[in-house]
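In this note's numbering, the protein residues as written are 3 to 75.
For each residue, glycine too, the CB sits at the ideal point set by N, CA and C.
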């Protein structure tokens with residue numbers, strides 16, 4: 003059971019990173035090239051920070067909701 007939970011956690015982390023990369027790349031890189039400009043690097047960094055912050059807020063809220071619903075039953 004722990005192995006399945008670990009695999010799910012890894013899969014969720016990979017999915018999170020893929021979505022974060024796709025979203026921030028599309029938002030920050032207008033003309034892809036061989037290197038990122040300093041403004042693109044800054045944009046990607048800030049976008050990633052905001053995405054992770056939002057994800058953490060949603061995750062905590064979801065966990066709290068599950069906890070409340072579990073305690074009701």
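Could you give the distance in angstroms between the alpha-carbon of residue 12 and the alpha-carbon of residue 28? Counted from its first residue, the chain shown places residue 12 at position 10. Counted from its first residue, the chain shown places residue 28 at position 26. Each residue's Cα considered, the two are about 24 Å apart.
Given 8 Å, three or more beta-carbon pairs between the region 13-21 and the region 33-48: Short answer: they don't touch.
Quick one: Cα of residue 39 to Cα of residue 26, how far? Working through the chain shown from its first residue, we reach residue 39 at position 37. Working through the chain shown from its first residue, we reach residue 26 at position 24. Residue 39 and residue 26 have their C-alpha atoms some 14 Å from each other.
Short of 7 Å in beta carbon distance, which residues of its chain neighbour residue 65, apart from the five on each side in sequence? Order them along the chain. Here the question's residue 65 lines up with position 63 in the chain shown. So no residue of the chain qualifies.
I need the DSSP call for residue 41, collapsed to helix, strand or coil. Here residue 41 is taken as the residue at index 39 of the chain shown, counted from 1. In the three-state reduction of the DSSP assignment, residue 41 falls in the helix class, which pools H, G and I.
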